[in-house]
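S.K.: For the sequence shown, UniProt numbering assigns the number 1 to the initial residue and increments by one for each residue that follows.
Even for Gly, the Cβ is constructed at its ideal location relative to N, Cα and C.
The following block contains the structure, expressed as structure tokens.
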Amino acid sequence: MERVLYFSQNTTSAWLRRNIDFSFVDLHKVMGLRGVYIASQLTPGQVGHRHIMTQITFNKGGLWQPVAAPELDNNGKPLNCSLANRCSLHLSQKFGQYYPRDHYSPIKSWSEAPGIIMATGTYGTNLRLNAGIFLSSDAGMSWHMILQRPFWWYNLGDHGGVFIAVPRNSLTNLIYYSWNEGETWLTYKFLNNSRLYVYGLLTEPGEQSAEFTIYGSYSGTHKWVVVQIKLEEGIGQSLP
Numbered sequence: 001m002e003r004v005l006y007f008s009q010n011t012t013s014a015w016l017r018r019n020i021d022f023s024f025v026d027l028h029k030v031m032g033l034r035g036v037y038i039a040s041q042l043t044p045g046q047v048g049h050r051h052i053m054t055q056i057t058f059n060k061g062g063l064w065q066p067v068a069a070p071e072l073d074n075n076g077k078p079l080n081c082s083l084a085n086r087c088s089l090h091l092s093q094k095f096g097q098y099y100p101r102d103h104y105s106p107i108k109s110w111s112e113a114p115g116i117i118m119a120t121g122t123y124g125t126n127l128r129l130n131a132g133i134f135l136s137s138d139a140g141m142s143w144h145m146i147l148q149r150p151f152w153w154y155n156l157g158d159h160g161g162v163f164i165a166v167p168r169n170s171l172t173n174l175i176y177y178s179w180n181e182g183e184t185w186l187t188y189k190f191l192n193n194s195r196l197y198v199y200g201l202l203t204e205p206g207e208q209s210a211e212f213t214i215y216g217s218y219s220g221t222h223k224w225v226v227v228q229i230k231l232e233e234g235i236g237q238s239l240p
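The following block contains the structure:
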């Protein structure tokens, strides 16, 4: 596949050098499966005026194809986006994580939950702002939208039995969790009398439990605050 997005430290773009200090190819290997990769491809045109599209392969790059968008958004409204109309799903990877206008959460997949992929993305002709969160449980063959703006941190636990999300870029004391692959979301208050700017959301190694760690800081300070959550205990619900 040609025009794969590659970033070099030798770029002449000053703003890129300020935000990214290492070289990379915008390519994600779907963990737990062989031969499935998701790549960012640049549209044809002059450097600096090109857009990012997403392509996926299921056979180690033998055939690349656009990512089919879901039929409905997370509220059940039609997206009216089909491959026949040159409309597809575009997912943010490493470049979008460091791009200063959005700093999207990176695409995620897990060896302990084969076939599950979570990603920030948009639908249309190329990746844009105002992204939502999309989930695939079949290694990228099909997708559904699970959350819309604002920006989110996201992760999973219990081998994909529970999904968790926390708002980014705003003060919060709530986590959002789902036991049914994002079809419905519940909330849990992890701080009673204060709120945090959340900078990250981690799960226990191996994603085998419903224990999560949130780290961030209070407004007006730069002191790290770490909150550990045992989700099954906090909500009084046993894991399915």
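Closest to residue 149 by CA distance: which of 166, 230 and 124 is it?
M.R.: Residue numbering aside, residue 149 sits at position 149 when the sequence shown is read from its first letter. Per the Cα distances, 166.
S.K.: What do you get for residue 171, buried or exposed, if any count of 16 or more other CB atoms within 10 angstroms of its CB means buried?
M.R.: Locating residue 171 in the sequence shown gives position 171, counting from the first residue. That one is exposed.
S.K.: Start and end of the alpha helix (DSSP H) containing residue 94?
M.R.: Numbered from 1 along the sequence shown, position 94 holds the residue referred to as residue 94. Residue 94 -> alpha helix (DSSP H) spans 94-98.
S.K.: Express the C-alpha separation of residue 145 and residue 129 in angstroms, rounding to a whole number.
M.R.: Locating residue 129 in the sequence shown gives position 129, counting from the first residue. Locating residue 145 in the sequence shown gives position 145, counting from the first residue. The alpha-carbon atoms of residue 129 and residue 145 are separated by roughly 16 Å.
S.K.: Excluding sequence positions up to five away, which residues of its chain have a Cβ less than 6 Å from the Cβ of residue 111?
M.R.: Taking the first residue of the sequence shown as position 1, residue 111 is located at position 111. Once the five neighbours on either side are set aside, the close Cβ partners of residue 111 are 31 and 32.
S.K.: Who are residue 188's beta bridge partners in DSSP?
M.R.: In the sequence shown, counting from the first residue as 1, residue 188 sits at position 188. Bridge partners of residue 188: 175.
S.K.: Once the 5 residues before and after residue 151 are set aside, which same chain residues still bring their CB inside 6 Å of it?
M.R.: Taking the first residue of the sequence shown as 1, we reach residue 151 at position 151. So the qualifying residues of the chain are 168 and 169.
S.K.: Of the residues 25, 180 and 191, which one's Cα is nearest the Cα of residue 41?
M.R.: Here the question's residue 41 lines up with position 41 in the sequence shown. Among 25, 180 and 191, the Cα nearest to that of residue 41 is on 25.
S.K.: Label residue 236 either buried or exposed according to how many other C-beta atoms from any shown protein chain fall within 10 Å of its C-beta, with 16 as the threshold for buried.
M.R.: Within the sequence shown, residue 236 is the residue found at index 236, counting from 1. Residue confidence is low: residue 236 scores 41 on pLDDT, short of 50, so the model does not pin down where it sits. No coordinate-derived value is stated.
S.K.: Candidates 34, 21, 204 and 38: which alpha carbon is nearest residue 243's?
M.R.: As displayed, the chain neither begins before 1 nor continues past 240, which places residue 243 out of reach and without an answer.
S.K.: Look at the alpha carbon of residue 240 and the alpha carbon of residue 28, and state the distance between them as a whole number of angstroms.
M.R.: Within the sequence shown, numbered from 1, the residue matching residue 240 stands at position 240. Within the sequence shown, numbered from 1, the residue matching residue 28 stands at position 28. Model confidence at residue 240 stands at a pLDDT of 37, short of 50, so the residue's coordinates are unreliable and nothing is read from them.
S.K.: Going by beta carbon distance, what residues of the same chain come within less than 8 Å of residue 36, once the five residues before and after it are set aside?
M.R.: Translated into positions along the sequence shown, residue 36 becomes position 36. Result list for residue 36: 29, 30, 56, 57, 58, 139 and 140, in chain order.
S.K.: Within the continuous beta strand (DSSP E) that includes residue 70, where are the two ends?
M.R.: Here residue 70 refers to the residue found at position 70 when the sequence shown is read from its first residue. No beta strand (DSSP E) contains residue 70, which DSSP labels as neither H nor E.
S.K.: I'd like the span of the beta strand (DSSP E) that includes residue 200, first residue to last.
M.R.: The residue given as residue 200 occupies position 200 in the sequence shown. Start and end: 196-203.
S.K.: In whole angstroms, what separates the C-alpha of residue 234 from that of residue 87?
M.R.: As a first step, residue 234 is located in the sequence shown; it is residue number 234 there, counting from the start. As a first step, residue 87 is located in the sequence shown; it is residue number 87 there, counting from the start. Since pLDDT at residue 234 reaches only 49, below the 50 mark, its modelled position is unreliable, and no value is offered.
S.K.: Below 8 Å, can you find three or more Cβ-Cβ pairs linking the region 189-197 to the region 172-180?
M.R.: As far as the Cβ criterion goes, the region 189-197 touches the region 172-180, which means the pair count is three or higher.
S.K.: Find out if the Cβ-Cβ distance for the pair residue 226, residue 191 is shorter than 8 Å.
M.R.: As a first step, residue 226 must be located in the sequence shown, where it is residue number 226. As a first step, residue 191 must be located in the sequence shown, where it is residue number 191. No, the pair does not count as a contact, with Cβ atoms beyond the cut-off.
S.K.: Between 201, 134, 119 and 127, which has its C-alpha nearest residue 157's C-alpha?
M.R.: As a working note, residue 157 is residue 157 in the sequence shown. The residue with the shortest Cα to Cα distance from residue 157 is 201.
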